[in-house]
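Chains as they are written, first to last, in full-length UniProt numbering: chain A, 1 to 282; chain B, 1 to 218.
What follows is the structure, given as structure tokens:
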């Protein structure tokens with residue numbers, strides 16, 4: 001494993017974005033984006049709202065289709081599959097196989113409200129991976145212990161706090177053992193005092209996992225602690241990238257300098273300040 | 001309350017049995033039609049959407065009475081099918097209220113939040129699995145109030161079936177009245193009471209179903 005040196009030449013990228021452009025109507029949110037994610041690598045995407053960060057994640061999860069360009073996961077195209085030597089539009093079966101390597105945690109949790117916490121976690125294990133129910137229950141239990149929610153297995157999502165819901169969502173995604181996990185602003189919908197518990201859980205996963213992670217976040221301290229590589233996006237392109245030290249201590253582009261100054265100079269809206277504090281508690 | 005005498009009840013209850021039988025059978029048929037048409041209307045296949053839309057528009061856009069006449073009197077003359085009066089009534093009521101019900105099904109499914117669908121994609125569920133275990137259970141609890149209204153409408157709609165020779169509650173009332181016009185008020189009072197009891201039973205049933213569907217959520 002080359003966690004500390006992800007660009008080891010022995011490693012092939014796990015995920016490759018090539019010349020990805022995504023437009024919604026006449027608004028272009030990503031412009032010819034190239035990005036490689038290596039096995040086990042932890043990448044943080046930072047940047048102003050509307051800079052295309054979330055779209056990068058949603059494209060990989062197949063929630064959006066690129067306008068042009070290709071995405072490969074372990075050498076397989078996302079939306080195209082080979083047939084008789086040619087690439088044709090992917091069918092459900094192909095998408096199903098490629099998606100099994102990808103997991104995602106959402107800003108608004110998207111737990112299933114009609115299922116208990118336990119069933120939220122076991123549902124896909126039993127019905128997608130076809131794992132026997134007793135084993136799925138065991139795995140779910142271990143995972144819920146890992147996120148500190150073993151007491152709540154029989155509760156419904158509506159009975160939990162936002163931070164607890166998000167930890168269930170993390171357990172639900174993690175139990176599927178994806179090769180790459182997307183965290184899409186997972187603390188943005190939480191009350192400030194609940195942010196810390198969720199970030200703690202993610203840090204725990206990052207420290208022991210061989211799983212690659214793409215973290216879209218506004219928590220700068222968190223990004224610095226967890227990520228091997230930070231990408232700063234603005235206006236649909238990656239403006240600057242580097243190690244946390246390079247990006248935070250020696251930002252090159254004026255846009256990144258302006259962006260960071262908003263976080264470092266006591267924050268513009270007060271909310272950010274408390275978030276940085278929440279992130280720094282650990 | 002002497003005028004509301006009980007000797008009217010036995011013939012009325014015979015009709016009431018027919019009304020209840022018709023209501024329950026028609027609800028079952030209507031529920032099937034509602035789900036088939038409601039799902040077809042959000043299908044990705046244009047032809048299926050077309051067929052379902054045509055069904056819904058035709059059965060919503062023409063009167064139940066005309067539909068009853070068609071199925072019972074006109075179809076046998078055009079094609080070589082003869083339904084019993086009961087079967088014709090169940091078919092007409094089921095198809096008619098199924099058309100309204102399909103809108104309840106369709107709109108409830110579409111109002112399940114988009115994030116739920118995205119979660120099923122992220123968990124790599126198949127389209128069938130998503131519908132069966134995530135979307136429909138949530139849509140179901142949104143359908144129940146709409147279904148409750150339609151059930152009661154259907155119950156009241158059964159009073160048309162005497163026009164195709166069925167002796168339902170309303171018909172029995174009309175017959176009794178033709179024997180003795182002086183008891184008109186008593187007969188109609190009993191009709192009110194019996195229809196209300198049936199409608200209220202349906203309401204209680206839907207409330208029970210709503211409570212079950214909401215278990216754990218709140």
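In this text, a Cβ means the ideal position worked out from N, Cα and C, and glycines have one as well.
Values in this document were obtained by computation on a predicted structure and should not be read as measured data.
When secondary structure is reduced to three states using DSSP, residue 55 (chain A) falls in the helix class. One thing to note: residue 96 (chain B) has its Cβ no nearer than 9 Å to the Cβ of residue 96 (chain A).
Boundaries for residue 182 (chain A): no alpha helix (DSSP H) harbours it, while the beta strand (DSSP E) harbouring it runs 180–184, taken from the DSSP string. Taking 9 Å as the cut-off between beta carbons, none of the residues of the segment 14–29 of chain A comes near chain B. In this model, residue 121 (chain B) and residue 59 (chain B) are separated by some 36 Å (Cα to Cα).
Only 115, 116, 118, 119, 121 and 122 from the segment 109–122 of chain B bring a Cβ to less than 7 Å from some Cβ of chain A. Residue 197 (chain B) counts as exposed, since fewer than 16 other C-beta atoms from the protein chains shown sit within 10 angstroms of its C-beta. Unbroken alpha helix (DSSP H) runs of no fewer than 4 residues, entirely contained in the segment 151–229 of chain A, are found at 162–174, 192–208 and 220–226, following chain order. At a cut-off of 9 Å between C-beta atoms, residue 43 (chain B) does not count as an interface residue with respect to chain A. The alpha-carbon of residue 50 (chain A) is positioned some 28 Å away from that of residue 205 (chain A). For chain B, the residues of the segment 113–137 of chain A that bring a beta carbon within less than 8 Å of one of its beta carbons are 113, 114, 116, 123, 124, 127 and 128, in chain order. Here residue 201 (chain A) is near residue 170 (chain A), since their CB atoms are less than 9 Å apart.
DSSP places residue 62 (chain B) in the coil class of the three-state scheme, outside both helix and strand. In chain order, 8, 173, 176 and 177 place their CB closer than 7 Å to the CB of residue 187 (chain B), counting only its own chain and leaving out the 5 sequence neighbours on each side. Non-local beta-carbon contacts of residue 146 (chain B) in its own chain, meaning distances under 7 Å to residues more than five positions away in sequence, involve 104 in chain order. By the neighbour-count criterion, in which 16 or more other beta carbons inside 10 Å mark a residue as buried, residue 208 (chain A) falls on the exposed side. Nearest CB-CB separation between residue 110 (chain A) and chain B: below the 9 Å threshold.
C-alpha of residue 136 (chain A) to C-alpha of residue 68 (chain B): approximately 53 Å in a straight line. Bridge pairing for residue 70 (chain A): A:18 [DSSP].
The Cβ-Cβ distance between residue 60 (chain A) and residue 214 (chain A) falls below 9 Å. Counting along the chain, the unbroken alpha helix (DSSP H) around residue 244 (chain A) starts and ends at 244–249. The Cβ neighbour count for residue 16 (chain B), taken over all protein chains shown within 10 Å, is at least 16; the residue is labelled buried. Looking at A:154, A:99, A:118 and A:146, the one whose alpha-carbon comes closest to that of residue 133 (chain A) is A:118. In this structure residue 175 (chain A) does not touch residue 157 (chain A) by the C-beta definition: roughly 16 Å separates them, more than the 8 Å allowed. In the DSSP assignment, residue 90 (chain B) falls within the unbroken alpha helix (DSSP H) covering 85–110. Residue 15 (chain A) has its alpha-carbon roughly 15 Å from the corresponding atom of residue 66 (chain A). In the DSSP annotation of this structure, the continuous segment of the alpha helix (DSSP H) that includes residue 29 (chain B) starts and ends at 9–40. Annotation: Cβ neighbours of residue 173 (chain A) in chain B (cutoff 8 Å, chain order): 122 and 123. Residues of the same chain with a CB within less than 7 Å of the CB of residue 107 (chain A), apart from the 5 flanking positions on each side, are 184, 185, 186, 188 and 189 in chain order.
In terms of Cβ geometry, residue 236 (chain A) and residue 19 (chain A) do not form a close pair [threshold 9 Å]. Counting along the chain, no beta strand (DSSP E) covers residue 115 (chain A), and no H or E run does either.
Taking 9 Å as the threshold, the shortest C-beta distance from residue 105 (chain B) to chain A does not fall below it. Under the 9 Å criterion on CB atoms, residue 10 (chain B) is classed as non-interfacial with respect to chain A. Under the three-state reduction of DSSP output, residue 131 (chain B) falls in the helix class. Going by C-alpha positions, residue 261 (chain A) is about 15 Å away from residue 245 (chain A).
In this structure, residue 101 (chain A) places its C-beta atom within 9 Å of the C-beta atom of residue 74 (chain A).
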